[in-house]
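Engineer:
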Ligand SMILES: NC(=O)c1ccc[n+]([C@@H]2O[C@H](COP(=O)([O-])OP(=O)(O)OC[C@H]3O[C@@H](n4cnc5c(N)ncnc54)[C@H](OP(=O)(O)O)[C@@H]3O)[C@@H](O)[C@H]2O)c1
């Protein structure tokens, strides 16, 4: 737990900041007086965000699945936006695949999913350390999932990438503390939210605006881990009985 974190007058890089939970993060951070650097692939969503938030956002069209993109993005931040003092690694993709069927055809999709969900946040976190360390206080927030705690059968690569990002976030936090860097490193364990990433289905989904508000409130409170909505229950269940947690999440 750190001191409280104020977004007013901060410059915040949000990957996937123009759609889904990221869009709500961008809107709410701008409302708190932050300048948002929103990253994504889709030009139409980025342009719509720029129209909506006027001078409170800078948009960057980047495909984080492309090799070298995280390094190029962090270099651009260092050169043109050194005032950036928070990074929210929010962008992700999820493929539902049965690896027992035509596994060879899945290899490209696996690479892309791993690149966006894991390689990009790892590399952005590391490459942005010099810029973030130059401020009296800064933050790195990695968005994981309840599926990092207990995976579901049909999204093996996604779940593995989120579990790895959870592990990385803990080590990075420990490294920053040992080096006495002024960087709060936070994991946001996201619940099932009503966006394009989550499949249509019978389960009730948390509204993206509430998910974003909970995430921002957790950063403001300086939490190491932000357990969003039902993930709080999952955390307890997993502590009491990992097998029960796996059973609950397997067919989500
Ligand atoms: N929704 C849920 O139920 C749920 C549950 C647990 C965790 N989460 C996590 O919450 C975070 C946000 O997810 P969401 O639900 O808001 O998903 P979403 O609505 O599908 O949005 C995903 C975002 O990631 C961006 N993105 C995807 N691929 C990209 C790429 N190659 N390069 C750059 N940006 C890329 C997308 O922008 P473009 O398409 O424009 O590139 C979009 O802004 C993710 O980390 C996800 O794993 C979500």
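Residue numbers (the numbering used here): 14 to 265.
The C-beta atom is built at its ideal place from N, Cα and C for all residues, glycine as well.
Touch check for the segment 80 to 88 and the segment 215 to 231: three-plus C-beta pairs under 8 Å?
Structural biologist: Counting C-beta pairs closer than 8 Å gives fewer than three between the segment 80 to 88 and the segment 215 to 231, which falls short of the contact rule.
Engineer: Could you give the distance in angstroms between the alpha-carbon of residue 171 and the alpha-carbon of residue 226?
Structural biologist: 24 Å
Engineer: When every heavy atom of ligand 1 is checked, does at least one fall within less than 7 Å of the C-beta of residue 58?
Structural biologist: In terms of side-chain proximity, the C-beta atom of residue 58 is found nearer than 7 Å to a non-hydrogen atom of ligand 1.
Engineer: Between 158, 100, 112, which lies nearest to residue 133 when the distance is taken from Cα to Cα?
Structural biologist: 100
Engineer: Report back the beta-carbon spacing between residue 157 and residue 200 to the nearest angstrom; my notes put them in contact at under 8 Å.
Structural biologist: 6 Å
Engineer: Should residue 54 be counted as a contact of ligand 1 given a C-beta to heavy atom distance under 7 Å?
Structural biologist: yes
Engineer: I want to know whether the segment 33 to 47 touches the segment 89 to 97 - three or more CB-CB distances under 8 Å.
Structural biologist: no
Engineer: Taking the straight line between their C-alpha atoms, what separation do you get for residue 185 and residue 197?
Structural biologist: 10 Å
Engineer: So the candidates are 109, 47, 97; which of them puts its Cα closest to the Cα of residue 164?
Structural biologist: 109
Engineer: Three-state secondary structure (DSSP) at residue 90?
Structural biologist: helix
Engineer: CB residue 29 to CB residue 139, shorter than 8 Å?
Structural biologist: no
Engineer: Roughly how many whole angstroms lie between the Cα atoms of residue 154 and residue 248?
Structural biologist: 19 Å
Engineer: Can you tell which of 224, 259, 264, 235 has its C-alpha closest to the C-alpha of residue 103?
Structural biologist: Residue 103 has its Cα closest to that of 224, out of 224, 259, 264, 235.
Engineer: Which residue's Cα is closest to the Cα of residue 202: 237, 252, 78, 233?
Structural biologist: 237
Engineer: Is the CB-CB distance between residue 62 and residue 47 below 8 Å?
Structural biologist: Contact: no.
Engineer: Using the beta-carbon count (16 or more within 10 Å), is residue 67 buried or exposed?
Structural biologist: Its Cβ having fewer than 16 others within 10 Å, residue 67 is exposed.
Engineer: Just to confirm, is the Cβ distance from residue 98 to residue 234 under 8 Å?
Structural biologist: no
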